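**Student:**
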Amino acid sequence: MRVTECGEAVGFNESIPGAARLHLVDGVALLRPEEQVFAAMLTGFANQQLARNLARTTVEGRENTVKAFAAYVNAYPWHWTPAMVDEWLGDLRSLRELKRSTIRSYSEAVRSFCHFITDPLYEWTATCEERFGTHPVQVVHEWNTAVHVQDNEADAKKRAFTKAELHAFFAHCDDEVARIRAFGRKGWLPAFRDATLFKTAYAYGTRRNETRMLDAADFGRNPHGGEYGEYGRCQVRFGKAKKGSPPKRRGVLTVFDWTPDVLDEWFTEVRPLFGTDNNPAAWPSERGLRIGCQRLNSRFIAYRKALGLDDGLDFHSFRRSYVTHLIEDGWDPRFVQEQVGHEHASTTSLYTCVSSDFRTRTLRRHLDSTIAAALQTQPGRQT
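Going by my numbering, 349 is the number at position 346 of the sequence shown; the sequence numbering is gapless.
Spelled out as structure tokens, the structure:
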């Protein structure tokens with residue numbers, strides 16, 4: 004029995020997820036040793052991450068990044084050097100113009116892989132010494148990777164809709180449904196679905212995947228908001244998760260009086276036309292269980308371009324707009340924070356893109372109250 008640095012007791016090396024002895028048999032000659040050892044390393048790396056409860060998409064993404072780096076430098080991990088990382092990341096930034104957060108995630112994938120294969124507990128260094136006469140080292144260091152220096156590194160172009168832009172966007176959604184239907188095309192059903200989905204994302208401030216993964220059963224009554232009928236709340240079951248944790252859940256209360264009418268028309272009149280007797284998804288696909296993210300993106304971009312709106316608006320702008328518009332309309336910031344599922348008020352504040360008009364009105368109100376108070380305290384003035 005051994006104890007790791009974290010104080011966790013583990014068995015012999017061959018019982019550790021990802022250990023070399025689980026994937027390579029001692030004394031057995033390999034036909035393509037370098038290729039097979041690298042493949043075994045990747046399998047062990049995947050098992051180690053799955054044991055940490057990381058999402059399969061995260062595991063697959065890191066594996067693909069490591070493969071891409073190996074292909075770029077045309078070398079196996081036991082021959083990697085920090086200079087190779089420098090050149091690779093430099094090309095990613097200068098040639099592909101990737102975002103800072105994307106480059107950081109790529110370097111983190113390689114760093115995690117190197118940390119795994121250089122950990123003595125997994126015995127990959129000993130295996131490489133035995134088979135190739137050399138061993139892997141950590142090649143991603145503080146001096147050749149970007150440092151995370153601020154909380155919010157989102158693209159500065161990204162913003163919320165103004166209320167006028169949002170109204171124009173939703174009007175265009177409805178016009179497209181009417182236009183397609185007037186030509187007698189079947190495409191009006193998907194267009195209607197996507198229009199309702201966009202409105203729902205704004206109505207509840209939900210992220211793209213949160214919205215996409217909603218089921219019809221996730222909408223229900225709010226006993227303290229009877230005027231909203233059967234659509235007084237929305238149960239989000241696939242909220243953004245932390246690493247190694249399942250998706251977060253939260254209940255979002257309906258706040259806009261137009262929301263129940265939009266949802267009722269969809270669920271009672273239009274959605275049944277998709278033939279959804281055995282499909283629980285709120286937004287069924289024509290060919291599958293539910294609509295995919297790529298389809299939502301393409302529809303959104305098409306509408307945005309048709310309206311001549313800038314690319315600072317994306318699907319997440321519905322969520323930014325929800326926060327911004329509620330704050331502008333005087334809703335309690337703590338209520339808004341709970342609605343969107345933020346643990347910290349500072350996170351909600353990053354989403355708040357209050358307009359200059361709102362700030363002007365707020366400033367004017369405080370100035371007026373200050374002036375009124377000063378007048379009331381003037382000598383000889385009756386209060």
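Just so it is clear, CB atoms sit at the ideal spot from N, CA and C, and this is done for glycine as well. Every value quoted in this text rests on a predicted model; they were computed, and no experiment measured them.
For T203, count the other beta carbons within 10 Å of its own beta carbon; 16 or more makes it buried, fewer makes it exposed. Which is it?
**Tutor:** For the purposes of this step, residue 203 is taken as the residue at position 200 of the sequence shown. Burial call: buried.
**Student:** I need the DSSP call for F241, collapsed to helix, strand or coil.
**Tutor:** Position 238 of the sequence shown, counting from 1, holds the residue named residue 241. It is a strand residue.
**Student:** Could you have a look at V339 and say whether DSSP puts it in helix, strand or coil?
**Tutor:** Walking along the sequence shown from the start, residue 339 turns up at place 336. Reduced to three states, the DSSP call for V339 is helix.
**Student:** Give me the Cβ distance between A198 and D177, rounded to the nearest whole Å; I'm assuming they're in contact under 8 Å.
**Tutor:** For the purposes of this step, residue 198 is identified with residue 195 of the sequence shown, where counting begins at 1. For the purposes of this step, residue 177 is identified with residue 174 of the sequence shown, where counting begins at 1. So it is a contact: roughly 6 Å between Cβ atoms.
**Student:** Which class does G187 belong to by DSSP, given the choice of helix, strand or coil?
**Tutor:** For the purposes of this step, residue 187 is identified with residue 184 of the sequence shown, where counting begins at 1. Looking at G187 - three-state DSSP - the assignment turns out to be coil, as it is neither helix nor strand.
**Student:** Does DSSP classify G47 as helix, strand or coil?
**Tutor:** As a position in the sequence shown, residue 47 is number 44, starting the count at 1. Here G47 sits in helix by DSSP.
**Student:** Do you know how far the Cα of F277 is from the Cα of T165?
**Tutor:** The count along the sequence shown starts at 1 and reaches residue 165 at position 162. The count along the sequence shown starts at 1 and reaches residue 277 at position 274. The straight-line gap from Cα to Cα measures roughly 33 Å.
**Student:** Please determine if the segment 258–270 and the segment 289–304 are in contact, where contact requires at least 3 C-beta pairs separated by less than 8 Å.
**Tutor:** Judged by Cβ distances under 8 Å, the segment 258–270 makes no contact with the segment 289–304, as fewer than three pairs qualify.
**Student:** Using a Cβ-Cβ cut-off of 6 Å (strictly less than) and excluding sequence neighbours within five positions of N50, which residues of its own chain qualify?
**Tutor:** Locating residue 50 in the sequence shown gives position 47, counting from the first residue. Excluding positions up to five away in sequence, the list reads P20 and G21.
**Student:** Indicate whether R240 and G344 have their beta-carbon atoms separated by less than 8 Å.
**Tutor:** Counted from its first residue, the sequence shown places residue 240 at position 237. Counted from its first residue, the sequence shown places residue 344 at position 341. Not a contact, by the Cβ cut-off of 8 Å.
**Student:** Please classify A78: does DSSP put it in a helix, a strand, or coil?
**Tutor:** Translated into positions along the sequence shown, residue 78 becomes position 75. Of the three classes helix, strand and coil, the one that applies to A78 here is coil, per DSSP.
**Student:** For V143, I'd like the list of residues in its chain whose CB is within less than 7 Å of its CB, leaving aside the five on either flank, ordered along the chain.
**Tutor:** Taking the sequence shown and counting its residues from 1, one reaches residue 143 at position 140. Cβ neighbours of V143 beyond the five flanking positions: V88, S110, V113, R114 and C117.
**Student:** Taking all protein chains shown into account, decide if F48 is buried (16 or more other Cβ within 10 angstroms of its Cβ) or exposed.
**Tutor:** The residue you call residue 48 lines up with position 45 of the sequence shown. By the neighbour-count rule (16 or more Cβ atoms within 10 Å), F48 is buried.
**Student:** Verify whether the separation of the beta carbon atoms of C237 and F222 is less than 8 Å.
**Tutor:** Position 234 of the sequence shown, counted from the first residue, corresponds to residue 237. Position 219 of the sequence shown, counted from the first residue, corresponds to residue 222. Yes.
**Student:** How big is the Cα-Cα spacing for L25 and F135?
**Tutor:** Residue numbering aside, residue 25 sits at position 22 when the sequence shown is read from its first letter. Residue numbering aside, residue 135 sits at position 132 when the sequence shown is read from its first letter. Rounded to the nearest angstrom, the two C-alpha atoms are 19 Å apart.
**Student:** Can you tell me which of T105, L292 and M44 puts its alpha carbon nearest to the alpha carbon of G279?
**Tutor:** Indexing the sequence shown from 1 puts residue 279 at position 276. It is Thr, not Gly, that sits at residue 279 in the sequence shown. Comparing Cα-Cα distances from T279 to each of T105, L292 and M44, the minimum goes to L292.
**Student:** Tell me the residue span of the alpha helix (DSSP H) that contains K308.
**Tutor:** Residue mapping note: residue 308 aligns to position 305 of the sequence shown, counting from 1. K308 -> alpha helix (DSSP H) spans C296 to L310.
**Student:** Among all the DSSP beta bridges, which residues are the ones paired with G254?
**Tutor:** Walking along the sequence shown from the start, residue 254 turns up at place 251. Note: G254 sits in a beta bridge opposite Q238.
**Student:** Under 8 Å, with one C-beta from each stretch per pair, do the segment 303–321 and the segment 203–215 reach the 3-pair mark?
**Tutor:** With a cut-off of 8 Å, the segment 203–215 and the segment 303–321 count as touching, because enough Cβ pairs lie within range.
**Student:** Find the nearest neighbour of A219 within the set K160, K102, E268 and F172, judged by alpha-carbon distance.
**Tutor:** For the purposes of this step, residue 219 is identified with residue 216 of the sequence shown, where counting begins at 1. Comparing Cα positions, the closest option is E268.
**Student:** Let me know if G235 comes out buried or exposed under the rule of 16 or more other beta-carbons within 10 Å of its beta-carbon.
**Tutor:** Within the sequence shown, the letter at position 232 stands for residue 235. Buried is the call here.
**Student:** Give the straight-line distance between the Cα atoms of E289 and P283, rounded to the nearest whole angstrom.
**Tutor:** What you label residue 289 is simply residue 286 of the sequence shown in a count that begins at 1. What you label residue 283 is simply residue 280 of the sequence shown in a count that begins at 1. Computed Cα separation, rounded: 14 Å.
**Student:** Starting from the C-beta of E100, find all residues in its chain whose C-beta is less than 6 Å away, skip the five residues before and the five after it, and write them out in chain order.
**Tutor:** Residue 100 sits at position 97 when you count from the first residue of the sequence shown. Correct list: empty, nothing qualifies.
**Student:** Examine chain C for any beta-carbon lying closer than 8 Å to the beta-carbon of Y325, and answer yes or no.
**Tutor:** Although the question refers to chain C, the structure presented lacks it and comprises just one protein chain.
**Student:** If you drop the 5 nearest sequence neighbours on each side, which residues of the same chain put their C-beta closer than 6 Å to that of I374?
**Tutor:** Numbered from 1 along the sequence shown, position 371 holds the residue referred to as residue 374. Counting only Cβ-Cβ distances below 6 Å, and skipping sequence neighbours, we find nothing.
**Student:** Reducing DSSP to helix, strand and coil, say where A284 ends up.
**Tutor:** Within the sequence shown, the letter at position 281 stands for residue 284. In the structure shown, A284 sits in a strand (DSSP, three-state: E or B).
**Student:** Within a Cβ cutoff of 7 Å, which residues of the same chain sit near H328, ignoring the five residues on either side of it in sequence?
**Tutor:** Indexing the sequence shown from 1 puts residue 328 at position 325. Taken in chain order, the residues that qualify are K166.
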